[in-house]
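Taken in sequence, the protein lines are chains E and P.
Take the first sequence: its position 179, counted from the start at 1, is 179 in this note's numbering, and no numbers get skipped.
Quick note, this note's numbering runs 218 ahead of the 1-based positions in the second sequence.
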Amino acid sequence: MKSTFTLGLAAAAALAAACATEPEPAPLQFAAEAPAPVASVDPRVKFKDGERYLRDLSANLNIPREEICKELSRYDCMTDAFRIVLGGVEAPNLLVNEPIEDAALTSPIAVDRLALHVCTNRVRMDKETPAEAVLFKAGAFGRDGRAKGPELAWLNSTADAIYGSVLLRSPSEREVQNLAAYYAQVAEGRAANNPDVAADWVTLSCFAVASSLEAVFY
Amino acid sequence: MTHEQEERWHDDFEPVEGNAAVKQKSTRTGALIALGVSVVTLVAAALAPGAPLIQQASAKPPAPMAFCHAYPDAKACNTGFADCAACHTTPPARNAFGMQVAERLAPGLPRPLSDEDFLKYLPGALKAVEDLDADTDGYSNIVEIMAGTQTADANSIPKTLACATEDATRAAGAQWNVCSYDAAYAFRKVHMDFCGSSPTRADMDGFRKISDQNTRLTRIREALSKCLDSAYWLGPNGAVWNIANAKIRPAHAVKSGENPGPVPLGDYDDDYNLFTWANSDDNDVRDVLLAQYFVKRTSPVKLEQISEEELAKRPRGTRQPVPVEKRAGMISTRWFGAVNTMFTSIPRTTAAQAYRSYLGFDIAKMEGLHPVIQEPMDYDAKGVAAPACAVCHATLDPLTYPFTRYNGISGGYSYDADRLKGYVRVDGARVADAPAGGMILGRPVADLREWASVAANSDPFAIKVTGDYWKLLIGREPDVNDQAEFSRLWRGLKSPTTYNYRVEKMLHDLVLTDAYGRP
């Protein structure tokens, strides 16, 4: 299975491209590649579909299913907005009796949108209620908040929380290193100890992991 | 040829006397002559004015059986019939393999070949192309035939699924063991497929700490048992419910009962509930075709049979008018008649939908053809005896006759032995002559109950039931590499000593297959 960071890198690149007025960011310094895993002789991974994807994130990020993702703050992302492209069916009205055989062109866009919704929500809730924070916890810049950049322990524990919540496992050393290295790019052009930078890093790191192949397929 | 194969050969070609539905004893020659009727019509269709580009090609209804007679051990011949796609793209147009065979099929004899000549020379033609490679994928035709891959599709090639020893060792220590059944992967997958969400991290970590494989498999079975009762699996709009969508084809606009549409004709909740019932707990899945009762939901995951007294008290728009002794599970419900039979005398759409939904044969794709001598009789004067139509209607019409006594929208969804008399004014006098008996899978049946019984006890039914779940859980149709495991499952579903038509028992073994548990 491909590294979870593949899509994260793509997300970062896309985000960087969107900020056209910003200077070109410095290349990331990622940890050395691990040996390629043995390829499956007959891969059968399946798309989780939008409902199961949101149920998982709902349980693991502690956000009620009915609140986790709403378009225009009103329409459920799966039920009302992206049901068919996310592998759902709607037989009685749309006559879609079975999930579409192949992912639609818009399916990855919809998955990304769900992931971004969920991660943005979770970090917003963490900021509003720090005592119940799941991902974005206090202590980024030391006990007194005066450090010039994020504390390594905080980066590591946040990476661990993201992987544990989204993928139900601990990250590898390489995965932690890669997320930590990503902080510098998020901070590009801003002070590294800006709380907004830390919040953005948590949101985007969450997005990178939640939109990874490992999170979307099973 | 073994004695058993010889018997099957004769059985396959045993002709049946048209609408009288009387099975005859026959010799092979007699059978060929009988089948020749439909073959001649097909050839005539190919030569008809305006028929584009098919003058030199003709599909032969006996060909799928003849192919399997030549290669009885080929994987494509599990059910005794090869797929038309073995030799054709869209019949009668041939694929690359079919063209190779055609070139060597009695060269010099005038076309079209008679059926006798076709069957006489086909084995030699097949033999002559065995060492060729029609799709130039590096595998000879005979290797692909025996492996079950497509001889005319370069992307379909025999595969070896075993890992090299070194890879197997590495994979065993990796996060995913892609070289064999990975119990941790299967444990998570069972939660996802049957409960609709991943296990908790604590459950997952706890599972990974178990070293004994038997204990791990026991945990997987326990998780499955629990999830089989979940709302995600059994509930409205759940996984089982959604398997039934294509069979029921709900349309809210004409729904009656709870949450009715603007033109309430029938309530498909009855159909979904019966389907879920027959596919759950210790119930017999054949009841989707055989049940003479209905089922209601008392909670999202609790179902129970409805008494006839309660059924009779229902509001008019949700009653099930077919009398108990005439019911045949989901193919005689009010909804099935409403959306399929509607106003027609000879409800071919109804029969075709039942054939497709419960036996997996789509007649529109020329699947499951068992042409009957002297058919189609075209009792309703719809022109189906025209050569281009008769190819399929020689099977479809006799398949349909048992449905002709069941009313759709007109007639109020009831059973009426004299129903067709009411169509004489519209469809002509002959429509009343259409018989109540018909044919399915080459067997005569007296009525819809018998139709359903033959269907429910057939191999295609077990294959379709197992295949529906296979596709849902494995994520694709069973392919050539799955045949051993897939065959064991559907045969087990039929076996009284294995699963005895209990879907949940079959699923307990499905989740332990390599196809399910190898990432």
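Ideal Cβ placement from N, Cα and C applies to all residues, glycine included.
For L521 (chain P), which of helix, strand or coil comes out of DSSP? In the second sequence, the residue the question calls residue 521 (chain P) occupies position 303. Secondary structure at L521 (chain P): strand, using DSSP grouped into helix, strand and coil.
Can you list, in chain order, the residues of its chain whose CB lies under 6 Å from that of L116 (chain E), leaving out five sequence neighbours each side? Taking the first residue of the first sequence as 1, we reach residue 116 (chain E) at position 116. The beta carbon of L116 (chain E) sits closer than 6 Å to the beta carbons of F207 from its chain, once the five residues preceding and following it are set aside; these are given in chain order.
Whole angstroms is fine: what's the gap from E175 (chain E)'s alpha carbon to A372 (chain P)'s? In the first sequence, residue 175 (chain E) corresponds to position 175, counting from 1. In the second sequence, residue 372 (chain P) corresponds to position 154, counting from 1. For E175 (chain E) and A372 (chain P), the distance between alpha carbons rounds to 40 Å.
Opening and closing residue of the alpha helix (DSSP H) in which P171 (chain E) lies: For the purposes of this step, residue 171 (chain E) is taken as residue 171 along the first sequence, with counting starting at 1. It is not in any alpha helix (DSSP H) - P171 (chain E) carries neither H nor E in the DSSP assignment.
Pairwise C-alpha distance: C295 (chain P) and D351 (chain P): For the purposes of this step, residue 351 (chain P) is identified with residue 133 of the second sequence, where counting begins at 1. For the purposes of this step, residue 295 (chain P) is identified with residue 77 of the second sequence, where counting begins at 1. Rounded to the nearest whole angstrom, the CA to CA distance from D351 (chain P) to C295 (chain P) is 20 Å.
The segment 393 to 404 of chain P: positions lying closer than 8 Å to chain E by Cβ: Hits within the stretch, in order: Q393, W394, V396, C397.
Between which two residues does the alpha helix (DSSP H) containing G424 (chain P) stretch? By one-based count along the second sequence, residue 424 (chain P) stands at place 206. It spans 419 to 426 - the alpha helix (DSSP H) in which G424 (chain P) sits, taken as one unbroken run.
With a CB to CB cut of under 7 Å and the five nearest residues on each side skipped, what residues in its chain are close to T120 (chain E)? The count along the first sequence starts at 1 and reaches residue 120 (chain E) at position 120. Cβ-Cβ distances below 7 Å link T120 (chain E) to T203 in the same chain, with the five nearest sequence neighbours on each side left out; the list follows chain order.
Tell me whether the beta-carbon of F425 (chain P) lies closer than 8 Å to the beta-carbon of N359 (chain P). For the purposes of this step, residue 425 (chain P) is taken as residue 207 along the second sequence, with counting starting at 1. For the purposes of this step, residue 359 (chain P) is taken as residue 141 along the second sequence, with counting starting at 1. Their beta carbons are not under 8 Å apart, which means F425 (chain P) does not touch N359 (chain P) by this criterion.
Would you call V542 (chain P) buried or exposed, if buried means 16 or more other Cβ atoms sit within 10 Å of its Cβ? Along the second sequence, read from residue 1 onward, the residue named residue 542 (chain P) stands at position 324. By the neighbour-count rule (16 or more Cβ atoms within 10 Å), V542 (chain P) is not buried but exposed.
State the Cα-Cα distance for the pair D636 (chain P) and S575 (chain P), rounded to the nearest angstrom. For this step, residue 636 (chain P) is matched to residue 418 along the second sequence. For this step, residue 575 (chain P) is matched to residue 357 along the second sequence. Within the model, the alpha-carbon separation for D636 (chain P) versus S575 (chain P) is close to 28 Å.
Determine the DSSP secondary structure at F207 (chain E), reduced to helix, strand or coil. By 1-based counting over the first sequence, the position of residue 207 (chain E) is 207. In this structure, F207 (chain E) counts as helix in the three-state DSSP scheme.
In whole angstroms, give me the CA-to-CA distance for A582 (chain P) and F285 (chain P). Indexing the second sequence from 1 puts residue 582 (chain P) at position 364. Indexing the second sequence from 1 puts residue 285 (chain P) at position 67. Near 21 Å, if we compare the C-alpha coordinates of F285 (chain P) and A582 (chain P).
Taking 8 Å as the threshold (C-beta atoms), are A210 (chain E) and V118 (chain E) in contact? The residue given as residue 118 (chain E) occupies position 118 in the first sequence. The residue given as residue 210 (chain E) occupies position 210 in the first sequence. A contact, by the Cβ cut-off of 8 Å.
What separation, rounded to the nearest whole angstrom, lies between the Cα atoms of P662 (chain P) and A673 (chain P)? By one-based count along the second sequence, residue 662 (chain P) stands at place 444. By one-based count along the second sequence, residue 673 (chain P) stands at place 455. Taking the straight line joining both Cα atoms gives about 12 Å.
Chain P residues whose Cβ lies nearer than 7 Å to that of A91 (chain E): On the first sequence, residue 91 (chain E) is found 91 positions in, with the first residue counted as 1. Taking a Cβ-Cβ cut-off of 7 Å, the neighbours of A91 (chain E) in chain P comprise N463, P468, given in sequence order.
Looking at the structure shown, is T516 (chain P) part of a helix, part of a strand, or coil, going by DSSP? As a position in the second sequence, residue 516 (chain P) is number 298, starting the count at 1. Reduced to three states, the DSSP call for T516 (chain P) is strand.
The beta strand (DSSP E) spanning P662 (chain P) covers which residue range? Residue mapping note: residue 662 (chain P) aligns to position 444 of the second sequence, counting from 1. Here the beta strand (DSSP E) through P662 (chain P) covers 661 to 663.
Return the chain-ordered list of same chain residues with a C-beta closer than 7 Å to the C-beta of S170 (chain E), the five sequence neighbours on each side being excluded. As a working note, residue 170 (chain E) is residue 170 in the first sequence. Taking S170 (chain E) as the centre and dropping the five residues before and after it, the same chain places the C-beta of D160, Y163, G164 closer than 7 Å to its C-beta, in chain order.
So who's on the other strand from F217 (chain E), going by DSSP bridges? On the first sequence, residue 217 (chain E) is found 217 positions in, with the first residue counted as 1. According to DSSP, which records beta bridges pairwise, F217 (chain E) is partnered with E:F47.
Roughly how many angstroms lie between the CA atoms of E225 (chain P) and M657 (chain P), to the nearest whole one? Mapped onto the second sequence, residue 225 (chain P) falls at position 7. Mapped onto the second sequence, residue 657 (chain P) falls at position 439. Residue placement at E225 (chain P) is flagged as unreliable, the pLDDT there being 35, under the threshold of 50; the coordinate-derived value follows with that caveat. Inter-residue distance for E225 (chain P) and M657 (chain P) is about 21 Å (C-alpha atoms, whole angstroms).
Beta carbon proximity, L659 (chain P) to chain E, threshold 8 Å: For this step, residue 659 (chain P) is matched to residue 441 along the second sequence. Output row for L659 (chain P): interface = no.
If we define contact as Cβ-Cβ less than 8 Å, is N460 (chain P) a contact residue for chain E? On the second sequence, residue 460 (chain P) is found 242 positions in, with the first residue counted as 1. At least one chain E Cβ lies under 8 Å of N460 (chain P).
If you run the structure through DSSP and keep just helix, strand and coil, what is E585 (chain P)? What you label residue 585 (chain P) is simply residue 367 of the second sequence in a count that begins at 1. Look at E585 (chain P) here: in three-state DSSP terms it is coil, with no helix or strand label.
Minimum Cβ-Cβ distance from C445 (chain P) to chain E less than 8 Å: The sequence position of residue 445 (chain P) within the second sequence is 227, counting from 1. Cβ-Cβ to chain E under 8 Å: no for C445 (chain P).
What is the DSSP secondary structure of K600 (chain P), reduced to helix, strand or coil? Position 382 of the second sequence, counting from 1, holds the residue named residue 600 (chain P). Residue state, collapsed to three classes: coil.
Along the segment 144 to 160 of chain E, where does the CB come closer than 8 Å to a CB of chain P? Name the residues. Among the residues of the segment 144 to 160 of chain E, none has a Cβ less than 8 Å away from any Cβ of chain P.
Could you give the first and the last residue of the continuous alpha helix (DSSP H) run that contains M283 (chain P)? Counting from 1 along the second sequence, the entry for residue 283 (chain P) is found at position 65. Its alpha helix (DSSP H) spans residues 281 to 288.
Please tell me whether A59 (chain E) has its Cβ less than 8 Å away from any Cβ of chain P. Along the first sequence, read from residue 1 onward, the residue named residue 59 (chain E) stands at position 59. For A59 (chain E), a Cβ of chain P is located within less than 8 Å of the residue's own Cβ.
Minimum C-alpha distance to V649 (chain P) - residue among P:T433, P:S563, P:M584, P:I375: Within the second sequence, the letter at position 431 stands for residue 649 (chain P). The residue with the shortest Cα to Cα distance from V649 (chain P) is P:S563.
Count the other CB atoms, across all protein chains shown, that sit within 10 Å of the CB of K444 (chain P); report buried if there are 16 or more and exposed otherwise. What you label residue 444 (chain P) is simply residue 226 of the second sequence in a count that begins at 1. Exposed is the call here.
Whose CA, out of P:V644, P:T613, P:I591, lies closest to the CA of K600 (chain P)? Position 382 of the second sequence, counting from 1, holds the residue named residue 600 (chain P). Nearest option by C-alpha distance: P:V644.
Assign D489 (chain P) to buried or exposed, taking buried as 16 or more other Cβ atoms, counted over all protein chains shown, within 10 Å of its Cβ. Within the second sequence, residue 489 (chain P) is the residue found at index 271, counting from 1. D489 (chain P) should be labelled buried.
Tell me the DSSP secondary structure of G745 (chain P) in three-state form. In the structure displayed, chain P extends from 219 to 737; residue 745 (chain P) sits before or after that span and is not available.
Starting from the N-terminal side, write out each stretch of the alpha helix (DSSP H) that is 4 residues or longer and does not extend beyond the segment 116 to 179 of chain E. Look at the segment 116 to 179 of chain E and you find these whole runs of alpha helix (DSSP H), each 4 residues long or longer: 152 to 167.
Whether or not the segment 543 to 563 of chain P and the segment 438 to 453 of chain P are in contact is what I'm after, with contact meaning three or more pairs of Cβ atoms, one per stretch, closer than 8 Å; do they touch? The segment 438 to 453 of chain P and the segment 543 to 563 of chain P do not touch, with fewer than 3 CB-CB distances between them shorter than 8 Å.
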